[in-house]
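Student: Below are the structure tokens for one structure; questions will follow.
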Amino acid sequence: MWVHEIKTTIASINLIIENNKNEVTKNISGELKKIDNMIEQVLYYSKSYEANKDYIVKQFSLKEAIMYCFKKISRDFISKKIKLNIGEIEANIFSDIKWIEFIINQILGDSLKYTPSGGEISIKCNKEKNKIILNIEDSGVGIEKSELNKVFIKGFTGENGRIFGKSTGIGLYLCKKLCDKLELGITLISDKGKGTKVSIIFPVGNTYI
Numbered sequence: 002m003w004v005h006e007i008k009t010t011i012a013s014i015n016l017i018i019e020n021n022k023n024e025v026t027k028n029i030s031g032e033l034k035k036i037d038n039m040i041e042q043v044l045y046y047s048k049s050y051e052a053n054k055d056y057i058v059k060q061f062s063l064k065e066a067i068m069y070c071f072k073k074i075s076r077d078f079i080s081k082k083i084k085l086n087i088g089e090i091e092a093n094i095f096s097d098i099k100w101i102e103f104i105i106n107q108i109l110g111d112s113l114k115y116t117p118s119g120g121e122i123s124i125k126c127n128k129e130k131n132k133i134i135l136n137i138e139d140s141g142v143g144i145e146k147s148e149l150n151k152v153f154i155k156g157f158t159g160e161n162g163r164i165f166g167k168s169t170g171i172g173l174y175l176c177k178k179l180c181d182k183l184e185l186g187i188t189l190i191s192d193k194g195k196g197t198k199v200s201i202i203f204p205v206g207n208t209y210i
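Okay, so the sequence shown: first residue is 2 according to the numbering used here, each after it adds one.
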């Protein structure tokens with residue numbers, strides 16, 4: 002109920018901004034997007050305990066889902082001068098598109114947060130016999146080797162969370178939890194000072210479908 006009410010208020014603020022466009026309202030709109038993302042985390046956190054009640058499996062284009070997510074945060078790419086490299090992602094998968102878009106959005110958001118201005122983020126797919134692997138890789142600050150086994154733990158922020166701030170330790174935790182609910186795999190590898198790669202593994206085959 003709270004999420005519904007606050008989203009109504011955000012919609013009203015966006016309407017005011019739309020009718021009063023200037024440099025100040027442009028900045029307010031950017032901050033409002035961050036608030037909206039936090040609210041989405043709250044919503045999906047609450048839903049993650051009963052995913053089966055809001056879960057619709059259908060076939061969809063993975064590329065379309067990725068482009069939808071990119072469109073939502075394209076201004077952040079522009080403002081930080083981050084280059085987006087999109088490789089081969091022509092793949093259709095069976096899953097819930099809303100949940101997949103949320104997961105991708107969380108990963109892209111983290112990549113943007115921890116990639117310095119002028120860096121790069123790459124997205125591509127690898128197709129194997131029984132799975133499709135979506136790779137999202139950045140040229141960011143990377144993660145300490147000793148912390149890699151903790152990145153999916155709820156509330157874990159690590160060294161980067163303390164240095165860069167504004168980290169809740171909820172984003173990757175939610176990605177892992179939702180992937181488990183959707184019966185998908187998710188892995189993360191990283192090299193300190195060189196970047197991070199997150200992979201989402203989509204099983205394919207008659208059994209999974």
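The beta carbon of each residue, even a glycine, is placed where N, CA and C say it ideally should be.
Keep in mind that this is a model prediction, so the values were computed, not measured.
1) Who are the Cβ neighbours of threonine 116 in its own chain at under 7 Å, not counting the five residues just before and after it?
2) Mapping the DSSP letters down to three states, classify aspartate 77 as helix, strand or coil.
3) What residues in its chain sit with their C-beta under 7 Å from that of lysine 64, if we drop five residues either side in the sequence?
4) With a Cβ-Cβ cutoff of 8 Å, do isoleucine 137 and isoleucine 124 count as a contact?
5) Can the beta-carbon of leucine 149 be found less than 8 Å from the beta-carbon of serine 191?
6) Whole angstroms is fine: what's the gap from leucine 113's alpha carbon to methionine 2's?
7) Rounding to the nearest angstrom, what Cα-Cα distance links glycine 110 and glutamate 41 in this structure?
8) What does a CB cutoff of less than 7 Å around threonine 208 pick up in its chain, not counting 5 residues either side in sequence?
9) May I ask you to report which of helix, strand or coil DSSP gives isoleucine 210?
10) Can you tell me whether glycine 31 is buried or exposed, with buried defined as 16 or more other CB within 10 angstroms of its CB?
Tutor: According to the structure data:
1) Ile83, Ile122, Asp139, Ser140 and Gly141
2) helix
3) Ile90 and Glu91
4) yes
5) yes
6) 31 Å
7) 13 Å
8) Because the pLDDT of threonine 208 is 48, which lies under 50, any placement of that residue in the model is unreliable, and the number read from its coordinates should be weighed accordingly. Closer than 7 Å at the Cβ level, and outside the excluded window around threonine 208, lies no residue.
9) Reliability of the predicted coordinates at isoleucine 210 is poor, the pLDDT of 47 falling under 50, and no value is obtained from them.
10) exposed
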